[in-house]
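Asker:
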Amino acid sequence: MSSDGSSAVSCARRIVSFYSLLCGAKPVGKKLSSGVCCNIASGSYGNNEELTVLAMVGEKFGLLELDSLPAGVSLPLRHALDKCRESPPTDWPAAAYVLLGREDLALSCLSHSCKSKELETQTIMNLISMSTPYMLHLHPVTIPSTVSDTIGLESTKFEDADSVDGTMADGMEHIFSSSTQLRYGRDLRLNEVRRLLCSARPVAIQTSVNPSASDQDLQQAQLWQLAQRTTALPLGRGAFTLGTIYTLLTEAFTVPKLVLAGRLPAQQNATVNLDPNIRNIQELKTWPEFHNAVAAGLRLAPLQVYRFIAMS
1 MSSDGSSAVS
11 CARRIVSFYS
21 LLCGAKPVGK
31 KLSSGVCCNI
41 ASGSYGNNEE
51 LTVLAMVGEK
61 FGLLELDSLP
71 AGVSLPLRHA
81 LDKCRESPPT
91 DWPAAAYVLL
101 GREDLALSCL
111 SHSCKSKELE
121 TQTIMNLISM
131 STPYMLHLHP
141 VTIPSTVSDT
151 IGLESTKFED
161 ADSVDGTMAD
171 GMEHIFSSST
181 QLRYGRDLRL
191 NEVRRLLCSA
201 RPVAIQTSVN
211 PSASDQDLQQ
221 AQLWQLAQRT
231 TALPLGRGAF
241 TLGTIYTLLT
251 EAFTVPKLVL
261 AGRLPAQQNA
271 TVNLDPNIRN
281 IQELKTWPEF
291 HNAVAAGLRL
301 APLQVYRFIA
311 MS
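Quick note: the sequence shown uses full-length UniProt numbering, first residue 1, plus one each step.
This is the structure:
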C-alpha cells in the first residue's frame, strides 16, 4: 500500500465496500445502502458474491491489489471469486473473467466485443491491470489462432532459437490446437514443457566463435552429456501426452525422432554429430529407441489401443 494518505483511504474505502456487499448491502445509485461509495461494473448478478466481483471490476481492484492485502483480509474476497469461478454469468465484462481466472471466457468475450483498435488496446490494458504480476511477462501459446489475432497478441510474439516450431513432428504437436489458446492464453507453460521434452532436433552447444582442436574435444564431451539427457526425454514425453491422440486405423502412426546431434549457435547453427570412434552410439540408443516407441504408443487413447489390438 502506498504511503500516500489518499491512496490508503481509497483502498480502505474499496475494501469496506466489498465487505458491505458480501454482508448484503445493495447498490443505490453510486452508493451502497451502507452509505459507502462504490463503482459497480455492468452485468447481471444473482447473489452477493457475484455483485462483489462486479464491484471489484468497477473499482479496478485486480489480483495484484488482492495479493497485497493481508491473508485474513483477502480470504473472504478470494472465497467470493472461487464461488463465482465455475459458472459466472455470460454478460460480464472480460476483466471480470480475468479476475476469476477464466481467461477462456475473457478471450471469447473479447472476440465478440472488440471492434476497433482503440477499444481493443484499452480493453487489453484493463485486462493486464486485473492480472497477477507473474502473468505479465508470459507469451501466448505459439499456434495460429483467429482469437489471438482478434485480441492483438501479435505484439507478444518472439523469435527464439530455442522455441519449438508449431509444425515440428516431435510427438507433441497434436496438443497445440485452437482450444489450447483458449485454455492457456498468455501462459507459456505448455511451450516450455514442449521445448524441454523435444528430442526431434539437435541441442544447442555453447562454444567459442573461433574453434580449435581442444574445442572439438570439448564439443564431443558436452554432446555426450547432452545425448544422455536426450535419451531420457521419451519417459517424460510419454507422461505428458498420455492418451491424448485419436487416429484412424488407416492412418500412419509416426514415431518422433531421437536426435543425438548438436548445433553450434556461435557458428551459424552448424551441426555436429557424436564421433562413433569415441563412443558406442548404438549401445547408447538401444533402450532409448524402445522407450521412444513406447512413449509414442502411450499417446493413443484407451479405446484406440483396444482397436489396434483387435485388428492385430
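Note that the Cβ used here is the ideal one computed from N, Cα and C, for glycine as well.
1) Per DSSP, G262 is paired with what?
2) What does the Cβ neighbour count give for V272, buried or exposed, with the cut at 16 atoms within 10 Å?
3) Could you tell me the distance, in whole angstroms, from the CA atom of I281 to the CA atom of Q225?
4) In whole angstroms, what is the alpha-carbon distance linking L21 and R183?
5) In or out: T121 buried (at least 16 other Cβ within 10 Å) or exposed?
6) Kindly confirm or deny that the stretch 243-254 and the stretch 290-305 touch, where touching means at least three C-beta pairs closer than 8 Å.
7) May I have the straight-line CA-CA distance separating L223 from A204, to the nearest angstrom?
8) Shortest alpha-carbon distance to D215 belongs to which of Q267, F240 and V28?
9) Counting pairs of Cβ atoms below 8 Å between the stretch 28-40 and the stretch 69-82, do you hit three or more?
10) Which partner residues of P288 appear in the DSSP bridge assignment?
11) Counting C-beta neighbours from all protein chains within 10 Å, is the total for G35 16 or more, i.e. buried, or is it exposed?
12) Assign G46 to one of two classes, buried (16 or more other C-beta atoms within 10 Å of its C-beta) or exposed (fewer than that).
13) Of all the alpha helix (DSSP H) runs that stay within the bounds of the stretch 62-87, which reach a length of 4 or more residues?
14) Residues bridged to L300 by DSSP?
15) Which same chain residues end up closer than 6 Å to P234 when comparing Cβ atoms and leaving out the 5 residues on each side of it in sequence?
16) Check this for me: beta carbons of T207 and L264, under 8 Å apart or not?
17) Which partner residues does P27 have in the DSSP bridge list?
18) From the DSSP secondary-structure annotation, give me the bridge partner or partners of C37.
19) Give a yes or no on whether the C-beta atoms belonging to T230 and L260 are separated by under 8 Å.
20) Taking DSSP as the reference, what is the three-state secondary structure of V9?
21) With a threshold of 7 Å on Cβ separation, who are the neighbours of N48 within its own chain once the five nearest residues in sequence on each side are excluded?
22) Alpha carbon to alpha carbon, how far is A227 from S42? Give it in angstroms, no decimals.
23) Can you tell which of A12, Q219 and L258 has its C-alpha closest to the C-alpha of E65?
Answerer: This is what the structure holds:
1) V203 and V272
2) Label assigned to V272: buried.
3) 13 Å
4) 31 Å
5) Residue placement at T121 is poorly supported in this model, since its pLDDT is 49, which falls under 50; the coordinates are not used for a value here.
6) These segments touch.
7) 9 Å
8) Q267
9) no
10) Paired residue(s): none; P288 is not in a bridge.
11) exposed
12) exposed
13) 63-68 and 71-85
14) Per DSSP, I245.
15) For P234, where only same-chain residues beyond five positions count, the Cβ hits under 6 Å are H291, N292 and A295.
16) One thing to note: T207 has its Cβ within 8 Å of the Cβ of L264.
17) Paired residues: L32.
18) K31
19) In this structure, T230 lies near L260, with their beta-carbon atoms less than 8 Å apart.
20) helix
21) L21, L22 and G24
22) 57 Å
23) Per the Cα distances, A12.
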